[in-house]
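Read through the structure below, which is laid out as structure tokens, and then see the notes.
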Amino acid sequence: MKYNRVLVLGGSGFVGRHLVAALVRRGVRVTVPSRHRERAKHLILLPTVDVVEADINHRGVLDRLAKGQDAIINLVGILHGDFQRAHVEIPMAVIAASRVAGVERIVHMSALGASPDAPSEYLRTKAMAEQALLDADDRHVTVFRPSVIFGPEDRFLNQFSEMAKWLAVLAVPCPDARFQPVYVGDVARAMAVSLEDTETFGQKYDLAGPREYNLKQLVELVCTLTHRRRLVIGLPDKLSFLQAAFLEMLPGPLMTRDNYYSMKVPNTTSAPWPLGGDRQPLEAIAPTYLVPSGPRERYPQFRWRARR
Numbered sequence: 337m338k339y340n341r342v343l344v345l346g347g348s349g350f351v352g353r354h355l356v357a358a359l360v361r362r363g364v365r366v367t368v369p370s371r372h373r374e375r376a377k378h379l380i381l382l383p384t385v386d387v388v389e390a391d392i393n394h395r396g397v398l399d400r401l402a403k404g405q406d407a408i409i410n411l412v413g414i415l416h417g418d419f420q421r422a423h424v425e426i427p428m429a430v431i432a433a434s435r436v437a438g439v440e441r442i443v444h445m446s447a448l449g450a451s452p453d454a455p456s457e458y459l460r461t462k463a464m465a466e467q468a469l470l471d472a473d474d475r476h477v478t479v480f481r482p483s484v485i486f487g488p489e490d491r492f493l494n495q496f497s498e499m500a501k502w503l504a505v506l507a508v509p510c511p512d513a514r515f516q517p518v519y520v521g522d523v524a525r526a527m528a529v530s531l532e533d534t535e536t537f538g539q540k541y542d543l544a545g546p547r548e549y550n551l552k553q554l555v556e557l558v559c560t561l562t563h564r565r566r567l568v569i570g571l572p573d574k575l576s577f578l579q580a581a582f583l584e585m586l587p588g589p590l591m592t593r594d595n596y597y598s599m600k601v602p603n604t605t606s607a608p609w610p611l612g613g614d615r616q617p618l619e620a621i622a623p624t625y626l627v628p629s630g631p632r633e634r635y636p637q638f639r640w641r642a643r644r
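All letters in the sequence shown, in the order written, are residues 337 to 644 by the working numbering.
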């Protein structure tokens, strides 16, 4: 079946804008709901994209948006806040809306390390959604589980770069936490390719980059790439927890205790890369946006600082 019309939830976010662009290149008509249409104006200029001002948390909105669509892609995810709502209730609403509208195809973004037994609510709720979606036998579901995602406008490497800009000493919590960062363009390509691949129905795939790092190594790498000589110190476990507890009390927290618990689970995989194509290494991509050379290259940093 050809999926000509696709509803993308979370399409105005970091991964969403790359996925929407990948779908447009494939000739797909994409609908992106956003509570504030102005925040998705970067998508309006793309051909075959409809940005609709709508709040999918309101009852009946998803049912209305799903009508006339061939597939639904759910990218909604949060690092802080109401995990039950964002990670469980919205995917359940997607299943219900797909049945009302007769949409059989669902692609869902989860997280590497998601498990019912995980120490963090973030990972446990991600696992609950995975199970609910894959148990929906009357839907054609594909689940992707990426490691931490990097790329222009990310809130991962850019956050470290911003901290290194102002601090002479960087205290890294959970310095031995393991990650396998994956490029946002590779994630978007895999999800777009999977849409019409019937072999992906009922499957879940781990997505990770070609190399593993611990968190301290990643912070040191960012300092090296941005030509900033900084002292990077790994905090012991008790201080890592105390730092998370303190930061959790601040508005828009950089870290919470739940994040601390998530970092206890290795964010890595030995699974092969699915659906073809080469993975871009972090060292090849990160310098292009962490060390911009001109106004055009600096634009993603301006957007990141403005949280747009």
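Glycine included, each C-beta is placed from N, C-alpha and C at the ideal position.
Predicted model, so just to flag it, every value in this text is computed and none were measured.
| query | In whole angstroms, what separates the C-alpha of Tyr-519 from that of Ser-446? | reply | C-alpha separation (whole angstroms): 16 Å.
Margin query: Rounded to the nearest angstrom, what separates Glu-633 and Val-555 at their Cα positions?
Written below: Confidence in Glu-633 is poor, its pLDDT being 48 and thus under 50, which makes the residue's placement too unreliable to answer from.
| request: Answer with buried or exposed for Met-337, where buried requires no fewer than 16 other C-beta atoms within 10 angstroms of its C-beta. | output: Exposed, since its Cβ has fewer than 16 Cβ neighbours within 10 Å.
### Message
When you compare the segment 509-525 with the segment 592-609, are there three or more beta-carbon pairs, one atom per stretch, that lie closer than 8 Å?
### Response
The segment 509-525 makes contact with the segment 592-609: 3 or more CB pairs, one atom from each, lie closer than 8 Å.
Alpha-carbon spacing of Leu-493 relative to His-563, whole angstroms = Computed Cα separation, rounded: 14 Å.
Check your understanding: Excluding sequence positions up to five away, which residues of its chain have a Cβ less than 7 Å from the Cβ of Ala-528?
Key -> If the five residues before and after Ala-528 are omitted, its C-beta is found closer than 7 Å to the C-beta atoms of Leu-355, Ala-358, Leu-359 and Arg-362, all from its own chain and listed in chain order.
query = Roughly how many whole angstroms lie between the Cα atoms of Asp-418 and Arg-400?
reply = Annotation: Asp-418 to Arg-400 spans about 24 Å, alpha carbon to alpha carbon.
**Request:** Since I believe Val-397 is in contact with Val-366 (beta carbons under 8 Å), could you give me their beta-carbon distance rounded to a whole number of angstroms?
**Result:** No, Val-366 and Val-397 are not in contact; Cβ-Cβ is about 17 Å, not under 8 Å.
Whole-number beta carbon distance between Leu-379 and Val-388, since they are thought to touch under 8 Å
At roughly 11 Å, the Cβ-Cβ gap does not stay under 8 Å, so Val-388 and Leu-379 are not in contact.
Short Cβ contact (8 Å threshold) for His-423 with Thr-384
No, the Cβ-Cβ distance between His-423 and Thr-384 is not below 8 Å.
Identify, in the order they occur along the chain, each residue of the same chain with its Cβ nearer than 7 Å to the Cβ of Pro-623, setting aside the five sequence neighbours on each side.
For Pro-623, where only same-chain residues beyond five positions count, the Cβ hits under 7 Å are Leu-561.
Taking only beta-carbon atoms, is Ser-451 less than 8 Å away from chain D?
Judged by its chain identifiers, the structure shown contains no chain D, having just a single protein chain.
message = Quick check on this structure: which residue in Ser-483, Gly-538 and Ile-409 has the alpha carbon closest to the alpha carbon of Tyr-339?
response = Taking only the C-alpha atoms, the option nearest Tyr-339 is Ile-409.
Handout entry: Burial state of Asp-542 (16 or more Cβ within 10 Å)
Key = It is buried - the Cβ of Asp-542 has at least 16 other Cβ atoms within 10 Å.
Pro-589 and His-416 closer than 8 Å at C-beta: In this structure, His-416 lies closer than 8 Å to Pro-589 by Cβ.
message: Measuring only the C-alpha atoms, how far is Ala-402 from Pro-482?
response: Taking the straight line joining both Cα atoms gives about 25 Å.
TODO: With DSSP as the reference, label Pro-452 as helix, strand or coil.
DONE: Reduced to three states, the DSSP call for Pro-452 is coil.
inquiry  = Please state the DSSP three-state secondary structure of Asn-595.
reply    = Secondary structure at Asn-595: helix, using DSSP grouped into helix, strand and coil.
Can you tell me whether Asp-614 is buried or exposed, with buried defined as 16 or more other CB within 10 angstroms of its CB? When all chains shown are included, Asp-614 counts as exposed.
*asked:* Using only CA atoms, which one of Ala-432, Gln-553 and Glu-425 lies nearest to Arg-566?
replied: Of the listed residues, the one whose Cα sits closest to Arg-566 is Gln-553.
*Just the C-alpha distance for Arg-641 and Gln-616, rounded to the nearest angstrom, thanks.*
For Arg-641, the predicted model reports a pLDDT of 49, less than 50, meaning its position is unreliable; a value from the coordinates is still stated below. If you take the alpha carbons of Arg-641 and Gln-616, they lie about 25 Å apart.
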